[in-house]
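Just remember that this note's numbering sits 14 ahead of the position in the sequence shown, which is counted from 1.
Below is one structure, written out as structure tokens; comments come after it.
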Amino acid sequence: MTTRFPLHWPHGRPRTLANERRRASFNQKVYNGRFHETRDITIKVALERLDFELDQLDANDVVLSTNVELRLDGRPRGTDRDPADPGAALWFTLNGKPIALACDRWNRVADNICAIAKHIEAMRGMERWGVGNLAMAFTGYEALPHHSEADAAQADAWWIVLAVDRAASLDEIDRAWRAKMRTAHPDQGGNPEHAKRLNAARDAARKERTYHV
Numbered sequence: 015m016t017t018r019f020p021l022h023w024p025h026g027r028p029r030t031l032a033n034e035r036r037r038a039s040f041n042q043k044v045y046n047g048r049f050h051e052t053r054d055i056t057i058k059v060a061l062e063r064l065d066f067e068l069d070q071l072d073a074n075d076v077v078l079s080t081n082v083e084l085r086l087d088g089r090p091r092g093t094d095r096d097p098a099d100p101g102a103a104l105w106f107t108l109n110g111k112p113i114a115l116a117c118d119r120w121n122r123v124a125d126n127i128c129a130i131a132k133h134i135e136a137m138r139g140m141e142r143w144g145v146g147n148l149a150m151a152f153t154g155y156e157a158l159p160h161h162s163e164a165d166a167a168q169a170d171a172w173w174i175v176l177a178v179d180r181a182a183s184l185d186e187i188d189r190a191w192r193a194k195m196r197t198a199h200p201d202q203g204g205n206p207e208h209a210k211r212l213n214a215a216r217d218a219a220r221k222e223r224t225y226h227v
């Protein structure tokens, strides 16, 4: 599975309003040295569950996109703070057809990834129980055609790259840029291309703010 940053939401799919997102009940058992305790699921464990379901599904060309920044190995960073938009979108092909599954109902990225894994598990159950087959199960989830140039421009929009509101002040924009550059800068072991995108986003934001003053 390939992971991508930032989030690329499927064309035509509705979004959940921020004030309507809820806390999910997904969890994991962690041994603390004395006993196993229940904790919130981490992105690492959510990805493991998703990987397992995709293997069972025999999906191809799998790409998961979120607003969690990536490590040098291309996997999402572990983080205690979720981005303003915690949505997750999964793209893959099944029997030659492009499929897109996305979830932003929950207020944590890990929970939205886990929800997609649970959804695939339920879909596979249709075939196991003899009610239908996978082709029927994923009808309605085929990825809609989209305008690649428009989508690329949206993905590079400064407010998405910096994970701030488009109405953010210059101070908020600079704070977001500095926070992200602490891990993205090559001197800190970050990705040079990511740092370049952050700089371009900050410059675009400043230009837009100056233009509207």
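Think of the CB as a built atom: it goes at the ideal place given N, C-alpha and C, for glycine as much as any other residue.
Contact between Arg36 and Arg119 holds, with the beta-carbon distance rounding to 7 Å and staying under 8 Å. Shown here, Thr30 sits in coil according to DSSP, grouped into three states, outside any helix or strand. Looking at the DSSP output, Thr107 bridges to Asn74 and Pro112. The Cβ atoms of Arg91 and Thr197 lie closer than 9 Å to each other. Contact check for Ile174 against Arg216 fails: the beta carbons are separated by 9 Å or more. Looking from the CA of Lys43, the closest CA among Glu141, Arg180, Val59 and Gly26 belongs to Val59. For Arg196, the enclosing alpha helix (DSSP H) covers residues Leu184 to Ala198. DSSP lists Thr80 and Cys117 as the bridge partner or partners of Ala102. For Arg138, the uninterrupted alpha helix (DSSP H) segment begins and ends at Val123 to Arg142. Contact between the segment 123 to 132 and the segment 55 to 73 is present: 3 or more CB-CB pairs across the two stretches fall below 8 Å.
Within the same chain, Arg91 come within 6 Å of Arg85 by CB-CB distance, once the 5 residues on both sides are set aside. The shortest CA-to-CA distance from Asp75 to any of Arg95, Arg53 and Gly110 is the one to Gly110. In this structure Arg95 is not in contact with Ala38, their Cβ atoms being roughly 17 Å apart against a cut-off of 8 Å. Pairing Leu148 with Phe49, the inter-Cα distance amounts to about 40 Å. Thr17 is bridged by DSSP to Leu78. By DSSP's assignment, Pro90 forms a beta bridge with Leu84.
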